[in-house]
Every structure is written in C-alpha cells, then in structure tokens.
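Asks:
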Amino acid sequence: MAIGKSKANGSKIKAFHLGGEQMARKKMILDLDTGIDDALAIAYAVADPEVDLIGIIGSYGNVYVEDGVQNSLKILELLQATDVPVYQGLAHSSESDHFDRMPISAEIHGQNGIGEIDLPAPKRQPEKGDALDFFINAVEKYQQDLILVPTGPLTNLDAAIKRSPKLVDQIGNITLMGGAVTVPGNVTNVAEANINQDATAADHVFRQAPLTQVGLDVTLRTLLTRKETQQWRDLKTKAGAAFADMVDYYIKAYEVTSPDLHGCALHDPFAVGVAIDPSFVDTIALNMYVTTDKKYYGRTTGDPARLSKPNPNVKVAVNADVDRYLASFMEHLTGLFAKN
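For the working numbering, count along the sequence shown from 1 and bump the result up by 96.
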C-alpha cells in the first residue's frame, strides 16, 4: 500500500475510511452525479485491477446530490463493493444557493437517475465525515498515487482546492469528463453539461490544476448498443440484468435526443478508462480557461493570456482508440456482472 510522506497526517487520516482491502498501488476517488453513465463508471473502476476505488464523492447534476449518493450506494451493493465509502458533496454550484434539475436530465437518466430500474434501498449509509476533508486527506496520504475522476460539475474540486491549495501539486492524476473543444456542446453550442453547471468553479480548476480533459470530443465516439446490453442480459445475473435494463433506457433516450449516434455515449466510464490508461486517447497540451460571460458561458478553450506560457496544465483528449477501449470496457463489465 502506498503511504504518504508525512507521518504527521497519520492520526488525521484514520478518521476517514479510505476503502477496504487495498492491493493496487494506484488509488481512485470518483466525484459523481450518479446517473446511468456514472453507474457504468463505478462498475469500470470496481472491475479494473490497476486501481483501488477508495471512495465516491456525490455531486449534483444528473440528479440531486442526495439521490446521486443513494444511487451510488445501490450500485456498489449490486456489485458487492460495499467497502467503498460514499460521501455527500456540495449540493449546488458556487454561483447559486440551490440547484434545479434540468428536465432533460430526467428524460435521459430517468426520474430516479438510473433508468427507472428498481434497486433495493442500500443497507449502508453515506459517511458522516466531510467529503472535502476526505478527499484532501486522501491526497495527503497517497499523493502521486491518487487519481481523481470528476464526472459531474467541478464544484467539489474547486472547493477542495480553495481549502487546500497545495493539493494541485500533490495529486497524481485528475481526469475529468467535461467540456468540448473541437465539437459543439450539448447544452449550448459551446457548453457541455458538467461545465455548464458551474462554469465559475470550472474556470478556477482549469486555470490551476493539472488536468486531462475527456470531453465530448472523444466521448461521443465511444458508443454502446443493444448488442452489448444483450450480452449482459444473457449472463442471467442480477447485475447483468439491471445494467442491461439501465443502459437500454439510456439508449432509448439517445434515440430521441441524438438519433444520429445509433447508440449511447460512454461519457463517464471513458474518463475512468483514460485515467487508468491514458493511451486510450491522443491529447494536445494547452493552457485553458472557462468562459463565464453570458454569451459563451461554459466554453472550455485556450486561455489567450497563457497560450505561449510553457508547461501547459491541461491535456485535451482529441482522438480516441475506440475499438480498444470498447473491448476493454466490455471485458471489464461483463466479467464483473458475471460474478454478481
């Protein structure tokens, strides 16, 4: 197990559960607004032997934060990964005092966020500790061996950086699902949904943290169809059937919102895959920011003031090894579902 350099942090870290039995050197925390593709991201992280999933932080977006936390707990129980702690993060953007779920989110993910499948109420409760402190302590403990994958708004990460600015130099890997550079956004012509939820927080993060951006540029190329969900259904397992039903709901929603894709995009699980194996994508290095003006709110783009500065802090995924990733995705999830 990787141990942080500072022994002084030991007693503080013990107050936070950092997962159960840990065998992989790399540790992962997911920051999720758990809808359908977030559930797939959880499954990919649980299945991959290269990382230990040591925690989930709930966010808002696809669903309200309380519902997303419950969805995460339900998915973990379905996958028999109940040693992974789930913390409730911030409930609304840094620009607001509340959050209103967009109707399109309910259309795509279902009212309950997981395709209207009925999973039992989780036996385990969310952790009572502070989500940001859990994350900050994990960074201090695991340092370069810690991977954070935010697949919702960047509100939690922005707040954590404000509380502990040094974490941007300590953490090994932040790979986010969000933004669009070479393709239009999915909320406006320039804005992708996760960034659009809190462009101010995203701007702060993009200006100072080391990031890999897995945006619509590549996630819209990684598609799942009913051919793959039928393979899960054929397993005759509880998890296989549940995820098949969930993703078929997602595919049906895409037939309405994006009929030209002929499948559903694997937004969030692709970010998890890239966080573990960066060779799934080709990237360009860029100093970036997020525009917060009314006309171009939520646009992720090069920062004119820093374009020529050395050592850009963002790697933007612009091309994807789709076939290899999809093979890995199906191997990971099918193998996991066969056991559950």
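Don't be surprised by glycine CBs; every beta carbon is placed ideally from N, CA and C.
Give the DSSP bridge partners of K122, in chain order.
Replies: Taking the sequence shown and counting its residues from 1, the one referred to as residue 122 is at position 26. DSSP lists V147 as partners of K122.
Asks: Mind checking which residues open and close the beta strand (DSSP E) that includes Y385?
Replies: Mapped onto the sequence shown, residue 385 falls at position 289. First-last of the beta strand (DSSP E) with Y385: M384 to V386.
Asks: Nearest-angstrom Cα distance between M97 and F230?
Replies: Counting from one through the sequence shown, the residue named residue 97 turns up at place 1. Counting from one through the sequence shown, the residue named residue 230 turns up at place 134. Any reading at M97 is ruled out, since the residue's pLDDT is 26, under 50, leaving its predicted position unreliable.
Asks: Measuring straight from C-alpha to C-alpha, what distance separates D341 and I347?
Replies: In the sequence shown, counting from the first residue as 1, residue 341 sits at position 245. In the sequence shown, counting from the first residue as 1, residue 347 sits at position 251. Between D341 and I347, the C-alpha separation is close to 10 Å.
Asks: In angstroms, rounded to a whole number, what distance separates the CA positions of T315 and A361?
Replies: For the purposes of this step, residue 315 is taken as the residue at position 219 of the sequence shown. For the purposes of this step, residue 361 is taken as the residue at position 265 of the sequence shown. Rounded to the nearest angstrom, the two C-alpha atoms are 6 Å apart.
Asks: In three-state terms, what does DSSP make of I204?
Replies: For the purposes of this step, residue 204 is taken as residue 108 along the sequence shown, with counting starting at 1. If DSSP states are grouped into helix, strand and coil, I204 belongs with the helices.
Asks: Per DSSP, what kind of secondary structure is L128 in: helix, strand or coil?
Replies: In the sequence shown, counting from the first residue as 1, residue 128 sits at position 32. It is a strand residue.
Asks: Count the other C-beta atoms from every protein chain shown that fall within 10 angstroms of the C-beta of A276, then say buried if there are 16 or more, exposed otherwise.
Replies: Working through the sequence shown from its first residue, we reach residue 276 at position 180. Its Cβ being crowded by 16 or more others within 10 Å, A276 is buried.
Asks: Does the stretch 172-182 touch the stretch 125-145, meaning 3 or more C-beta pairs lie closer than 8 Å?
Replies: At 8 Å Cβ cutoff, the stretches touch.
Asks: Under the rule that 16 or more other beta-carbon atoms within 10 Å means buried, what is H358, buried or exposed?
Replies: The count along the sequence shown starts at 1 and reaches residue 358 at position 262. Label assigned to H358: exposed.
Asks: Where do the N-terminal and C-terminal ends of the beta strand (DSSP E) with K411 fall, by residue?
Replies: As a working note, residue 411 is residue 315 in the sequence shown. Where K411 is concerned, the enclosing beta strand (DSSP E) stretches over V410 to A416.
Asks: What does the alpha-carbon distance come out to for the pair L169 and Q221?
Replies: On the sequence shown, residue 169 is found 73 positions in, with the first residue counted as 1. On the sequence shown, residue 221 is found 125 positions in, with the first residue counted as 1. Looking at the two C-alpha atoms, the distance is approximately 8 Å.
Asks: According to DSSP, is M437 helix, strand or coil?
Replies: Since the first and last residues shown for the chain are 97 and 436, residue 437 lies out of range.
Asks: Please report the distance separating the alpha-carbon of V343 from that of E324.
Replies: On the sequence shown, position 247 is the one that residue 343 refers to. On the sequence shown, position 228 is the one that residue 324 refers to. About 10 Å.
Asks: Can you name, in chain order, every residue of its own chain whose Cβ lies under 6 Å from the Cβ of G185, other than the five neighbours on each side?
Replies: Here residue 185 refers to the residue found at position 89 when the sequence shown is read from its first residue. Here the set comprises I153, G154, S155, A227 and N252.
Asks: So, N436 versus A335, is the Cβ gap smaller than 8 Å?
Replies: Position 340 of the sequence shown, counting from 1, holds the residue named residue 436. Position 239 of the sequence shown, counting from 1, holds the residue named residue 335. Taking 8 Å as the Cβ cut-off, N436 and A335 qualify as a contacting pair.
Asks: Going by the CB atoms, is the gap between L250 and L272 shorter than 8 Å?
Replies: Along the sequence shown, one-based indexing puts residue 272 at 176. Along the sequence shown, one-based indexing puts residue 250 at 154. In this structure, L250 lies closer than 8 Å to L272 by Cβ.
Asks: Only counting the same chain, and skipping five residues up and downstream in sequence, which positions put a Cβ closer than 8 Å to that of V264?
Replies: One-based indexing of the sequence shown puts residue 264 at position 168. If we look at V264 and ignore the five residues flanking it on each side, its Cβ neighbours are I257, Q304, A305 and P306.
Asks: Grab me the residues of A367's own chain with a C-beta within less than 8 Å of its C-beta, minus the 5 sequence neighbours each way, in chain order.
Replies: Taking the sequence shown and counting its residues from 1, the one referred to as residue 367 is at position 271. Closer than 8 Å at the Cβ level, and outside the excluded window around A367, lie A137, V245, T247, T271, L272, M273, V310 and T315.
Asks: Starting from the C-beta of L403, find all residues in its chain whose C-beta is less than 7 Å away, skip the five residues before and the five after it, and write them out in chain order.
Replies: The residue labelled residue 403 in the question sits at position 307 within the sequence shown. Counting only Cβ-Cβ distances below 7 Å, and skipping sequence neighbours, we find N383.
Asks: Taking the alpha-carbon of D129 as reference, which of D378, Q293, A338 and V370 has the nearest alpha-carbon?
Replies: Your numbering for residue 129 matches position 33 in the sequence shown. Ranking the options by Cα distance to D129, first place goes to Q293.
Asks: Beta-carbon separation of G131 and V159 under 8 Å?
Replies: Residue numbering aside, residue 131 sits at position 35 when the sequence shown is read from its first letter. Residue numbering aside, residue 159 sits at position 63 when the sequence shown is read from its first letter. Taking 8 Å as the Cβ cut-off, G131 and V159 qualify as a contacting pair.
Asks: Would you mind stating whether N415 and V370 have Cβ atoms separated by less than 8 Å?
Replies: Sequence index remark: in the sequence shown, residue 415 carries index 319 (1-based). Sequence index remark: in the sequence shown, residue 370 carries index 274 (1-based). For N415 and V370, no; Cβs fall outside 8 Å.
Asks: Does the distance from the C-beta atom of E288 to that of L319 stay below 8 Å?
Replies: Stepping through the sequence shown from its first residue, residue 288 is reached at position 192. Stepping through the sequence shown from its first residue, residue 319 is reached at position 223. Cβ distance not < 8 Å, so E288 and L319 don't count as in contact.
Asks: Which residues in the same chain have their Cβ closer than 7 Å to the Cβ of Y421, if we skip the five residues on either side of it in sequence?
Replies: Position 325 of the sequence shown, counting from 1, holds the residue named residue 421. For Y421, where only same-chain residues beyond five positions count, the Cβ hits under 7 Å are T318, F366, G369 and F376.
Asks: Could you tell me the distance, in whole angstroms, from the CA atom of L172 to the CA atom of N285?
Replies: Within the sequence shown, numbered from 1, the residue matching residue 172 stands at position 76. Within the sequence shown, numbered from 1, the residue matching residue 285 stands at position 189. Whole-angstrom Cα-Cα distance: 35 Å.
Asks: Need the endpoints of the beta strand (DSSP E) that Y393 sits in, please.
Replies: Taking the first residue of the sequence shown as 1, we reach residue 393 at position 297. Note, Y393: premise wrong, no beta strand (DSSP E); not H, not E.
Asks: Let me check understanding here. Comparing Cα to Cα, which of A217, A434, T397 and A135 lies closest to R329?
Replies: Residue numbering aside, residue 329 sits at position 233 when the sequence shown is read from its first letter. Out of A217, A434, T397 and A135, A434 has the C-alpha closest to the C-alpha of R329.
Asks: Take T296 as the anchor and find which of D163, Y393 and P218 has the nearest alpha-carbon.
Replies: Residue numbering aside, residue 296 sits at position 200 when the sequence shown is read from its first letter. Ranking the options by Cα distance to T296, first place goes to Y393.
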